[in-house]
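Numbering (our numbering), first residue to last: 1 to 205.
By construction, the Cβ of each residue, glycine as well, lies at the ideal position given by its N, Cα and C atoms.
Notes follow the structure.
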């Protein structure tokens with residue numbers, strides 16, 4: 001489902017249906033962050049005092065991220081639906097039980113991979129926000145800050161969904177590998193986030 005209106009997404013989110021849920025919400029939060037970053041870039045490019053070629057590249061990257069985050073919102077919802085479908089597979093015979101269990105494991109794997117990609121891209125967005133925080137139009141610095149808050153929330157929210165799906169996987173090496181990746185993303189993301197916050201503080205915000 002493509003959410004063309006905020007109201008449409010929120011109506012789906014607030015319904016009793018389990019999907020879209022937190023994973024999709026995290027992706028949409030990141031898409032909002034990327035959209036704000038793009039807006040600030042445009043405001044910066046309109047002002048001759050700030051405009052330069054580098055911001056054009058930042059704008060292009062922010063727009064690319066926005067599209068990817070929205071795709072991930074759909075991917076997360078689809079992944080959850082695959083988990084539900086896997087649990088509904090027949091389990092009468094031994095062969096059916098084996099096929100069902102294999103399908104369940106693969107569904108949970110995909111359900112972990114989708115929000116992990118959201119988290120990974122959220123860190124990339126935080127890096128973009130941190131690297132260019134001094135180059136933007138200062139009249140829009142609060143929008144830049146809100147983008148950082150949203151991207152950080154998306155990172156932590158997405159990783160919550162990764163963790164819960166990892167708990168259902170039997171493949172120990174896969175789970176342990178992802179736990180290490182989760183720790184790395186959280187550490188990197190937090191450092192970038194705090195750096196942007198320090199800049200906001202320096203502006204009296």
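- [ ] Return the CA-CA distance between residue 169 and residue 109, expressed in angstroms with no decimal places.
- [x] 7 Å
- [ ] State the Cα-Cα distance for the pair residue 71 and residue 21, rounded to the nearest angstrom.
- [x] 15 Å
- [ ] Report yes or no: do three or more beta-carbon pairs, one from the segment 24 to 41 and one from the segment 139 to 146, lie closer than 8 Å?
- [x] yes
TODO: Just mark residue 173 as buried or exposed, buried being the case when its beta carbon has 16 or more other beta carbons within 10 Å.
DONE: exposed
Task: Limits of the alpha helix (DSSP H) - the one that residue 136 falls within - done: Looking at the DSSP string, residue 136 is not in any alpha helix (DSSP H), and its letter there is neither H nor E.
Task: Identity of the residue in 120, 201 and 114 nearest residue 189 by Cα - done: 120
Open item on the list: Do residue 114 and residue 79 have their beta-carbon atoms positioned less than 8 Å apart in this structure?
Closed with: yes
Task: Cβ-Cβ separation, residue 185 to residue 151 (assumed contact under 8 Å), whole Å - done: The Cβ separation is near 12 Å, so there is no contact.
Open item on the list: Measuring only the C-alpha atoms, how far is residue 159 from residue 116?
Closed with: 6 Å
Open item on the list: Please report the straight-line C-alpha distance between residue 61 and residue 96, rounded to a whole angstrom.
Closed with: 46 Å
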